[in-house]
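Chemist: All letters in the sequence shown, in the order written, are residues -21 to -1, 1 to 137 by mature numbering (1 follows the signal peptide of the UniProt record, and there is no 0). C-beta atoms are modelled at their ideal positions from N, C-alpha and C, and glycine is treated no differently. Everything numeric in this text was worked out from a predicted model, so none of it was measured.
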Amino acid sequence: MKKCCIFVFGLFFICLNSAQAEQVGSVDTVFKFLGPDHKIVVEAFDDPDIKNVTCYISRAKTGGIKGGLGLAEDTSDAAISCQQVGPIELSDKIKQGKDKGTVVFQKRTSLVFKKLQVVRFYDATRNALIYLSYSDKVVDGSPKNALSAVPIIPWGAR
């Protein structure tokens, strides 16, 4: 029982620490007579730990009756693009290389077991932030992934 509580608390903490996305737009891909259409959704989120980095994710969203009720499983197809939108200041934890991959975004893509995640890495050699998006599932994840890199350039030197 104690392990279960720790696990639930850990999941709750991860969800609080990851960014929330706002929908920028969407396009329909397949007409569904009953329920919403299948679509591609574009969402934006700001890195919760690094000020002035914004990422945009496009992902498939399943429609139909199951999709409308939140019971459908979305495909693992997604793309990501991240940009510097102002001066970036890295925390000491990141500068010292102690950040070996931090989940900065999660989105549930099925009722229970599947989610889209974005993990941030810091490449000190090239002074860049790398954002990896992928979909995982409790039993069988997907190798489909997308990558975006943000070079850390002094703001105004562009």
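#1: What's the C-alpha gap between PHE100 and ARG38?
#2: Within its chain, find whatever has a CB closer than 6 Å to the CB of ASN106; leave out the 5 residues flanking it on each side and keep chain order.
#3: Which whole-angstrom value describes the C-beta separation of ILE59 and ILE36, a residue pair presumed to lie in contact below a C-beta threshold of 8 Å?
#4: Identify which residue in ASP53, GLY65, ILE73 and THR41 has its Cα closest to the Cα of THR33.
#5: Between LYS18 and ASP7, what straight-line distance do the alpha-carbon atoms span, to the nearest angstrom?
#6: Determine the DSSP secondary structure at ALA128, reduced to helix, strand or coil.
#7: Could you tell me the alpha carbon to alpha carbon distance between ILE73 and ASP102, rounded to whole angstroms?
#8: Between the alpha carbons of ASP25 and ASP16, how many angstroms are there, rounded?
#9: For a quick check, are the C-beta atoms of TYR110 and ASN124 less than 8 Å apart?
Modeler: By the coordinates alone:
#1: When only Cα atoms are considered, PHE100 and ARG38 end up about 21 Å apart.
#2: Excluding its 5 nearest sequence neighbours in each direction, ASN106 has C-beta neighbours in its own chain below 6 Å: ILE131, listed in chain order.
#3: For ILE59 against ILE36, the beta-carbon gap comes to about 5 Å, under 8 Å, which counts as contact.
#4: The shortest C-alpha separation from THR33 is found at GLY65.
#5: Going from the Cα of LYS18 to the Cα of ASP7 covers about 4 Å.
#6: Residue state, collapsed to three classes: strand.
#7: One C-alpha to the other measures close to 10 Å.
#8: When rounded, the distance between both Cα atoms is 28 Å.
#9: Pairing TYR110 with ASN124 gives a Cβ-Cβ distance that is not under 8 Å.
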